[in-house]
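These notes concern the structure reproduced below.
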Amino acid sequence: MVPEDSWITYLRAQREKFLANRRHSLGPDYFYDAASWDTVLEQEWQSFQQTLTPITDPSERPTNIEELIEPIATPEIVEKLQVGGDILNLYYFEDFQMLANQGIFRESHFLIDKGRKWEKKAIELVTQYGYQHIGYHQEYLEFMEARQ
329 MVPEDSWITY
339 LRAQREKFLA
349 NRRHSLGPDY
359 FYDAASWDTV
369 LEQEWQSFQQ
379 TLTPITDPSE
389 RPTNIEELIE
399 PIATPEIVEK
409 LQVGGDILNL
419 YYFEDFQMLA
429 NQGIFRESHF
439 LIDKGRKWEK
449 KAIELVTQYG
459 YQHIGYHQEY
469 LEFMEARQ
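Residue numbers (the working numbering): 329 to 476.
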């Protein structure tokens, strides 16, 4: 098969998938005025098709999507503080509560910035998640996973 023929076949398949997907997303509204929707969908396809670029040599196609994606550097959003010989993550109380409620908080030793919460209330709430208050570092509350 000539590369140009395979590109045309590919475009036809993509067009059918695109149109079927758009019709499905429109649901019953599509059938009320199919002719005008077909016109709109065809215009959308023309715009979308221009973003597709042909690959002239099939050997140049990436075999793994990771080859196309550069590693994305995510900024570190958790502050770290030196406490004795340990480096502990500092969480705002609200962030801790959100992560703990989602069940994805995995720290065993950390600091909490209580923010505007009363200290007693912040300690009480964090201990409900299975952590014990073991002290203070500067103005932050220090917690450790409770031993069972």
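All C-beta atoms, glycine included, are put in the ideal place defined by N, C-alpha and C.
Whole angstroms are fine: how far does the CA of ASP414 sit from the CA of LYS408? 10 Å
Kindly indicate the opening and closing residues of the alpha helix (DSSP H) around LEU453. 447 to 455
query: Would GLU470 pass as a contact of VAL411 if the rule is Cβ separation under 8 Å?
result: yes
Practice problem: Verify whether the separation of the beta carbon atoms of PHE421 and GLY443 is less than 8 Å. | Solution: yes
### Query
Residues in its own chain within less than 7 Å of ILE451 by CB, not counting five upstream and five downstream?
HIS461 and LEU469
Look up GLU344 in the DSSP assignment and say whether it is helix, strand or coil. helix
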